[in-house]
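J.: Have a look at this one.
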Amino acid sequence: MTDTAPQPTRPPREGPPPGGPGPTDVLIIGGGPAALALAAELCARQLSVRVVAPHAPTPFRPTYGAWLDALPAWAQACAAQVWTDVRVYTGPKPTPLLRPYALLDNARLLRALLERAGEGLHWTLGTVRTVDVDARGPGGAAVVHGAGGERWPARVVVDASGHGAVVNPLQFPGGPAFQTAFGLVARFRRPPIAPGAMVWMDYRGPAHPPRLPTFLYAMHLGGDRYFVEETSLIARPAPDRGFLERRLRARLEEAGTPPHQTESSEWVAFPMNAAAPAPGPVLAFGAAAGLVHPISGFQVSGALQDAPVVAQALAQALASGTDAAQAGWDALWPPERRAARDLHLLGVRALLALPGDALPAFFQSFFRLGAPQWQAFLDPRTPTGPLARTMLQVFAGAPWSVRRPLAAAGVADAGVSVRALSAAMKRPSPPSHLSPAAARHPGAMTRSMDAQHDDATLQREDLDQTETVEEGMQGSTGSTDANGLDPQADQQEKFQELRDNLAPLAGQQE
Ligand SMILES: Cc1cc2nc3c(=O)[nH]c(=O)nc-3n(C[C@H](O)[C@H](O)[C@H](O)COP(=O)(O)OP(=O)(O)OC[C@H]3O[C@@H](n4cnc5c(N)ncnc54)[C@H](O)[C@@H]3O)c2cc1C
């Protein structure tokens, strides 16, 4: 093995893969968060794992955010920052989301994943070209072919090569619809958002043609540093980088908060509407399996949660000599999840059908739901029942300008709509896709996901999120550190900052 690039962390094992000269148990294509999450869980189950990626272990480049409670406990410790003041603007006033949001420290996440994988992980530099599942390499294994003529035998192959899905291209009903965004990390003389806050979605200004709505996604990074990103949630065709950069700069100028020193920029573009892949001899995982959430664009926290379940299924199948790729697919795509995926894609079609200026009203109705409802909707594993009930509630709460195109999208996909309606009327059934063993495994999801979501959705009291907090922080001067996990942070100052930001919510006057 020849790992040559700079390695910021303990390098994975060199030399022949564990288990001797025979095939590796599992070969994973890719070195992104999905690949390494699965690799770590497979190694924890004593399997030999070869990761093939064109780069050495390197901290992931994108800015990864996630709801804190959607991350496994060990990954929560990889948060660079956590915000409790999380806001959405669908009109002039913000709505507090009352759900902590985390920015991941990618170097720490990579380190944690490699530590969890330990000695069982073998990292190979290479670019996979094809997989020959009928090659019958040593031990009856599939043979993975590299661009440099390499041949890597493996008992089971997982494609975690990202949105490009090197083995089985993803299918996008109606053509791919993209999320695109342009972001900056910069220093500001005047804060572009409330100090100490995270803005999940701000649909206000700048003055722009409403047909192509974009929103600001922003985080206070501490001191005078902010991450600001102009985002198009989903569009076909999607706005390009130049458009979004101009709009971001116009927004900041209009608010009187232009950046004065830019540290870095980020361009985001990935498809959001992949259909669930069919089962096959190579298991797809992560973005390569279309597992990006079709409404939020999130995938990383979902991959961290899925990894133990899939690893357990692969380990059991390999131990019993049954079809491991099929077992992994069954674990990843139980019927409930596939049905939920269809429903999500119906939601995507509805969003794409909405006139641009109706999107803020749609999300106003969405976030007017109780926290359990909208949180369940954004969770990749929420089953069709609560999902459909949430969609109906959004529909019922939306103005006619929004309802009409939503109804048209529903009628256009009558089969999915009827199934969704009947799921919405049913009581939840117990989950079928988590084996007790998987649920018991350390690091595995230790709860029945469907039932948990339904319970949360049906039984928890709604938090009052319809109240708005007063605007007034924008343009003020802030110099506090928003890093709740930083031991250097002044906790009292942070609490005061949070109290100030939320005071109007609690009915206190400043
Ligand atoms: C800029 C940006 C920001 C994003 N922000 C978020 C966010 O905040 N939260 C969130 O949940 N999601 C986010 N996403 C969406 C999505 O979750 C990410 O794209 C995520 O990186 C997908 O993880 P992955 O491991 O499946 O694929 P990737 O991270 O794309 O990793 C793919 C891996 O496969 C390797 N590879 C590709 N082709 C081959 C080949 N032929 N042979 C071998 N290796 C190969 C690549 O080098 C890479 O190592 C963002 C996406 C982008 C682009």
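Note that the sequence shown ends on residue 542 in the working numbering; no numbers are left out.
For glycine and all other residues, C-beta sits at the position ideal for the given N, C-alpha and C.
Quick caveat, the model's predicted, so the values are computed rather than measured.
1. Determine whether the beta carbon atoms of residue 70 and residue 192 lie at a separation below 8 Å.
2. Run through DSSP, which three-state label would residue 481 get?
3. For residue 96, is the beta carbon positioned less than 7 Å from some heavy atom of ligand 1?
4. Heavy atom of ligand 1 less than 7 Å from the Cβ of residue 303, yes or no?
5. So what does DSSP say about residue 467, is it helix, strand or coil?
6. State the DSSP-derived secondary structure class of residue 362, mapped to helix, strand or coil.
7. So is residue 314 in contact with chain D if we call contact Cβ pairs under 8 Å?
8. Going by beta-carbon coordinates alone, are residue 219 and residue 256 separated by less than 8 Å?
9. Could you check whether the stretch 265-275 touches the stretch 144-163, counting it as contact only if at least three pairs of C-beta atoms, one from each stretch, sit closer than 8 Å?
10. What distance in whole Å lies between the Cβ atoms of residue 158 and residue 180, which are believed to be in contact at a cut-off of 8 Å?
11. Checking the sheet assignment: what are the DSSP bridge partners for residue 156?
12. Between the beta-carbon of residue 304 and the beta-carbon of residue 425, is there less than 8 Å?
13. Should residue 416 go down as buried or exposed, given a rule of 16 or more other Cβ atoms within 10 Å for buried?
14. With contact counted as at least three CB pairs below 8 Å, one residue from each stretch, are the stretch 69-85 and the stretch 108-128 in contact?
15. What did DSSP end up calling residue 433 once you bin it into helix, strand or coil?
16. Ignore the nearest five residues each way along the sequence and tell me which others in residue 318's own chain have a CB closer than 6 Å to its CB.
17. Answer yes or no: do residue 29 and residue 419 have a C-beta to C-beta separation smaller than 8 Å?
18. Nearer than 7 Å: is that true of the beta carbon of residue 327 relative to any heavy atom of ligand 1?
19. Using the beta-carbon count (16 or more within 10 Å), is residue 55 buried or exposed?
20. CB of residue 332 to nearest heavy atom of ligand 1: below 7 Å?
21. Which term fits residue 353, buried or exposed, when burial requires 16 or more other beta carbons within 10 angstroms of its beta carbon?
22. For residue 430, tell me which candidate among 339, 390, 94, 372 has the shortest Cα-Cα distance.
23. Would you report the Cα separation of residue 514 and residue 97, rounded to the nearest angstrom?
24. What is the C-beta distance between residue 434 and residue 393, in whole angstroms, given that I count them as a contact (C-beta under 8 Å)?
25. Name the DSSP bridge partner or partners of residue 387?
26. May I ask you to check if the CB of residue 154 is nearer than 7 Å to at least one heavy atom of ligand 1?
27. Measure the alpha-carbon distance for residue 356 versus residue 155 and round it to whole angstroms.
28. Going by DSSP, what residues sit across from residue 252 in a beta bridge?
29. If we call anything under 8 Å between Cβ atoms a contact, is residue 215 one with residue 259?
30. Smallest Cα separation from residue 99: which of 61, 201, 119, 92?
31. For residue 224 and residue 103, I'd like the C-alpha separation in whole angstroms.
32. Please go through the same chain and pick out, in chain order, the residues whose beta-carbon is closer than 6 Å to the beta-carbon of residue 359, but skip the five residues on each side of it.
T.: Reading it off the structure:
1. By the CB criterion at 8 Å, residue 70 and residue 192 fall inside the cutoff.
2. Residue placement at residue 481 is poorly supported in this model, since its pLDDT is 37, which falls under 50; the coordinates still yield a value, given next. Three-state result, residue 481: helix.
3. Yes, Cβ of residue 96 sits closer than 7 Å to a heavy atom of ligand 1.
4. no
5. Low local confidence applies: a pLDDT of 31 at residue 467 is under 50, so the model's placement there is unreliable, with the coordinate-based value given in what follows. In the structure shown, residue 467 adopts coil according to DSSP, grouped into three states.
6. Helix, per DSSP.
7. Of the chains in the structure shown, none is chain D; there is only one protein chain.
8. yes
9. no
10. 7 Å
11. According to DSSP, which records beta bridges pairwise, residue 156 is partnered with 84.
12. no
13. Per the 10 Å Cβ criterion, buried.
14. Judged by Cβ distances under 8 Å, the stretch 69-85 makes no contact with the stretch 108-128, as fewer than three pairs qualify.
15. helix
16. 66, 192, 335
17. Here the chain covers residues 33 to 542 and nothing more, so residue 29 does not appear.
18. no
19. Classification of residue 55: buried, given that the 10 Å Cβ count is 16 or more.
20. Yes.
21. exposed
22. 390
23. Residue confidence is low: residue 514 scores 34 on pLDDT, short of 50, so the model does not pin down where it sits. No coordinate-derived value is stated.
24. 5 Å
25. In the DSSP output, where bridge partners are listed per residue, residue 387 has none listed.
26. no
27. If you take the alpha carbons of residue 356 and residue 155, they lie about 22 Å apart.
28. Its beta-bridge partners are 258.
29. yes
30. The option with the nearest alpha carbon to residue 99 is 119.
31. 28 Å
32. 345, 349
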